[in-house]
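Colleague: After the structure tokens below, expect a handful of questions from me.
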Amino acid sequence: MQYCYLIDDEPIFNLISSKIINRSGWQGEVRVFISARTALEEIKMHITNEGYLPDFIFLDVRMPEMDGFQFLEELNNLPKEPLKYIRVFMLSSSLDQKDIVRSQKFPMVKSFLSKPLDIQTIKEIFYSNKINEL
Amino acid sequence: MNKYVHTELSDLTKEQLLEYARDLQMRVGKFASVEQQLINIRDRLDAEVVIHKQMNAFNERAFRVNASNAFFQLVAESVLDIFEFEFGIAIQYQKGQDESILFVTEGVSIPKLAHHCLVAAFEERFEKQPESKVIQLNKGDWPEMLSLIPFHQFIVAHAVNTEDNTGIYVAGGILEKGALNYRSIEPQGVNAFELFSKQVISHFSSHQKTFRIEKSERRLTALANTFLGFGSVPLENISNITMLAFDMLAADLVFYKHTGRSEPVVFFRSETIDGKAFIDDGDLELFYTSLSFSEQETIVSNYHRYSRFLINKREEQNDSLAVSHLIRQDGQLTGMLGFCFSSKVKVTQEDLQIIGIIGSAIRVEEKRQVVRNSLISKNDELLKINGELDNFVYSVSHDLRTPLLAVKGLVNLIDLYQGDIDENEGFFKLIGPSIDRMDNTIIEILDYSRNARLQVRPELVELEKIIRNAYEDVRFYSQHPVKLELFFQDEIKFESDRNRINTVIKNLIGNAVKYADETKPNSYVKVNVFRTQLNLIVEISDNGIGIEATNLEKVFEMFFRASQKTTGTGLGLYISKEIMIKLNGSIKLDSLVGQGTTAKISLPVNFLN
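So the protein lines, in turn, are chains S and W. Last residue of the first sequence? That's 134 in this note's numbering, and every number before it is there in order. Last residue of the second sequence? That's 1609 in this note's numbering, and every number before it is there in order.
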């Protein structure tokens, strides 16, 4: 079973993303978080049980309390080995160059995408190996 | 002679022949001596020609030399060229002073001790033989000097210019070989050497003026270079500047005092002057206050007065002399630069000018630094504003795009879920709030822009009406009912900027509604209006979800959102704070999570009339 986390403080984008994923025919389980901290706690909880760790994370950049980058920093502080299969995709309302450059410092981040998520991108991410090279 | 020519040898007797032979021999001998004399005369003339040629060469070069050091170096070298001594020495001194400057030809070094020893020996010898212009000094005369300089003999000429009290010694040193040219014209060598020394002193005297100008130019160039070299922070390198000035001016003590420092900064203190006793803060202040205002501007010319002042303080009349430059800025004494000279040094007008230049340069630099500091702080301010602007543009574009992108996503979904009427109905319902949110963001940005742009316009403010209207506008932000409770101390009408106050009130009541605690059955927003002696106070409190203590400071920051509960823009409280600043008022938040929040705005009473 594969897991996909959607982390965005605005429920509407989580809704849009999950509906798109639903339509793509992907068979995994989508989990929705409106707080990056809650998502982080979830990951910490499953860190000893790799089977429950997410395979994909769609992560918003700007969020109150803990933003996308703070979330990535926290992940970096966790043991590397259990988290090595996690692929993070940044989802942002703005394609700010500074944010893109900043996200490249995290090896876990595979791509920086503009909202809203669309069906073609989802299919590429889930079914194409090309994404590994990003 | 004729008798030999016209007489046949055969006619002569043997005796006669012998007699002739003897006579001839004697005549030949006489001729040889005459010939030798002629040769000697020719050689001496040759040597004299060489000497005069060399002296002419010296004269020509001496005319072109324009620095004192180079001139005396030329003199020393010329002793060698003209007289073929093994080394040449030139010594310059000022009458009445112990110090002298020694120049010697290349390849010979004379230690300081030997320098003094040499001058003393020359002096003593000339005192013993006052009529002589040239003396000879043999190694036997000064055996102790042999350990310092290897020499066999010195030929020394002495010349003095009584007009400017300068004197010179010109000396040729002999080690082993002797002085070929000098010896070859003896006894004329002495005269030639004396002539040479006279030429030297005459050149030197005529050059003195040029030398002095050149010297001051060199000082000025060095000064200019120093200031250029120090670039933008000469004040921090003031010791270097003054040390340089010390070198140039031969001051025994250089100090710089800035009013910010309690002690004067003394950069150089010679062994002979006790700087602490010489100068102290009290002295400087006392001296400064003893001057009239106009004098403070041009203190350089008053150095004599200052020296007298200091000398009186020290009661050591002849020991020292001081020059001071006071630095004035906006009529205030900001600092002073002092040069204390030993009484041996004759301080010239030009020295004073140089001190003046250093002083002005420091003054200019102090001003420049003041300007520079203000520029730096302005620059920091601009950087901050620029950063805010950058953040503003980023956030505005983000906040405007977010609802737009949500609409785009929903439209995509409607396309993807064609035929699924239930799903599509849900998507359509979500489009409305996104568009509202975009509209709200635009309105708030307009509020912000209006506050920043428009003048404050005092007009009658009917607070009760504003509060009630605001509540009506925002009460449906939440589906959970929130009751308005309004308390007025008494009827308050006042003048202020109605639009701005409206914006603040609407924001605060809107927050109370948006962040109401839906778990509580009796949610309320309580507005309490009252006057204190100085201010009009509007207190807006609710029993909503509250704000965490760590976020309480940040809520006034632009685009900060403490809650994930709603889709606020993060601008409301920021704009409210900005407006209160514009109205000379203040805004404060108190909150407890789970209990509620109280916003308190305060407007100055002087707006009330």
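All residues carry an ideal CB built from backbone N, CA and C; glycine is no exception.
Which same chain residues, not among the five before or five after W:THR1298, have their C-beta less than 7 Å away from its C-beta?
Modeller: Its pLDDT being 42, under 50, W:THR1298 is placed unreliably by the model, and nothing is read from it.
Colleague: Can you say whether W:HIS1052 is buried or exposed, counting buried as having 16 or more other CB atoms within 10 angstroms of its CB?
Modeller: It is exposed - the Cβ of W:HIS1052 has fewer than 16 other Cβ atoms within 10 Å.
Colleague: Within the 8 Å Cβ cut-off, does S:ARG23 reach chain W?
Modeller: It does; some Cβ of chain W falls within 8 Å.
Colleague: Alpha carbon to alpha carbon, how far is W:ALA1021 from W:LEU1137? Give it in angstroms, no decimals.
Modeller: Taking the straight line from one Cα to the other gives about 51 Å.
Colleague: Can you name, in chain order, every residue of its own chain whose Cβ lies under 6 Å from the Cβ of W:LYS1133, other than the five neighbours on each side?
Modeller: Only GLU1194 meet the Cβ criterion.
Colleague: Taking the Cβ atom as the reference point for each residue, do W:PRO1604 and W:LEU1534 lie within a distance shorter than 8 Å?
Modeller: Result yes, Cβ atoms of W:PRO1604 and W:LEU1534 sit closer than 8 Å.
Colleague: For chain W, is any of its Cβ atoms less than 8 Å away from the one on S:PRO144?
Modeller: Chain S is shown only over 1 to 134; residue 144 of chain S falls outside these bounds and no answer can be derived.
Colleague: Is W:THR1402 helix, strand or coil by DSSP?
Modeller: If DSSP states are grouped into helix, strand and coil, W:THR1402 belongs with the helices.
Colleague: Does the distance from the CB of W:PHE1103 to the CB of W:TYR1182 come in under 8 Å?
Modeller: Not a contact, by the Cβ cut-off of 8 Å.
Colleague: Would you please verify whether the beta carbon of S:ASP118 is less than 8 Å from any beta carbon of chain W?
Modeller: Closer than 8 Å: yes.
Colleague: Would you be able to state if there are at least three C-beta pairs under 8 Å between the segment 1141–1151 of chain W and the segment 1167–1178 of chain W?
Modeller: A contact exists between the segment 1167–1178 of chain W and the segment 1141–1151 of chain W.
Colleague: Give every residue of the same chain whose Cβ lies closer than 7 Å to the Cβ of S:ILE100, excluding the five residues on either side of it in the sequence, and list them in chain order.
Modeller: Answer for S:ILE100: PHE112, listed in chain order.
Colleague: Using the beta-carbon of each residue, which ones in chain S are nearer than 8 Å to W:TYR1394?
Modeller: Neighbours of W:TYR1394 on chain S, chain order: SER94, ASP96.
Colleague: Whose CA, out of W:ASN1424, W:THR1532, W:ASP1399, lies closest to the CA of W:ASP1436?
Modeller: The shortest Cα separation from W:ASP1436 among W:ASN1424, W:THR1532, W:ASP1399 belongs to W:ASP1399.
Colleague: If you draw a straight line from the C-alpha of W:PHE1087 to the C-alpha of W:ILE1110, how long is it?
Modeller: Their Cα atoms are separated by approximately 11 Å.
Colleague: Could you tell me the alpha carbon to alpha carbon distance between W:ASP1447 and W:THR1503, rounded to whole angstroms?
Modeller: Between W:ASP1447 and W:THR1503, the C-alpha separation is close to 7 Å.
Colleague: Since S:ILE123 meets chain W, which of its residues come closer than 8 Å, beta carbon to beta carbon?
Modeller: What sits at residue 123 of chain S in the sequence shown is Lys, not Ile. Under the 8 Å cutoff, chain W gives no residues; its nearest Cβ is about 12 Å from S:LYS123.
Colleague: Taking W:ARG1498 as part of the alpha helix (DSSP H), name the residues at either end of that continuous run.
Modeller: Unbroken alpha helix (DSSP H) run through W:ARG1498: 1498–1514.
Colleague: Is S:ARG62 close to chain W? Criterion is C-beta to C-beta, closer than 8 Å.
Modeller: It does; some Cβ of chain W falls within 8 Å.
Colleague: In angstroms, rounded to a whole number, what distance separates the CA positions of W:VAL1034 and W:VAL1108?
Modeller: Approximately 43 Å, taken between the alpha carbons.
Colleague: From W:PHE1487 to W:VAL1456, what distance separates their C-alpha atoms?
Modeller: Each residue's Cα considered, the two are about 27 Å apart.
Colleague: Thinking just about the alpha-carbon of each residue, which of W:GLY1419, W:LEU1382, W:GLY1432, W:LEU1463 is nearest to the one in W:LEU1536?
Modeller: It is W:LEU1463.
Colleague: W:THR1550 to W:ALA1516, Cα distance in whole Å?
Modeller: Going from the Cα of W:THR1550 to the Cα of W:ALA1516 covers about 20 Å.
Colleague: If you draw a straight line from the C-alpha of W:GLN1025 to the C-alpha of W:ILE1041, how long is it?
Modeller: Each residue's alpha carbon lies about 24 Å from the other.
Colleague: Using DSSP's beta-bridge definition, name the partner residues of W:HIS1152.
Modeller: In the DSSP output, where bridge partners are listed per residue, W:HIS1152 has none listed.
Colleague: On the criterion of 16 or more Cβ atoms from any shown chain inside 10 Å, does W:ILE1185 qualify as buried, or is it exposed?
Modeller: Buried.
Colleague: Measure from the alpha carbon of W:GLN1129 to the alpha carbon of each residue in W:ALA1157, W:ASN1507, W:THR1105, then state which is nearest.
Modeller: That would be W:ALA1157, whose Cα lies nearest to the Cα of W:GLN1129.
Colleague: How would you label W:GLU1578, buried or exposed, when you count the other beta carbons within 10 angstroms and need 16 or more for buried?
Modeller: Answer is buried; the Cβ neighbour count reaches 16.
Colleague: Report the three-state DSSP secondary structure of W:GLN1016 (helix, strand or coil).
Modeller: DSSP places W:GLN1016 in helix when its eight states are reduced to three.
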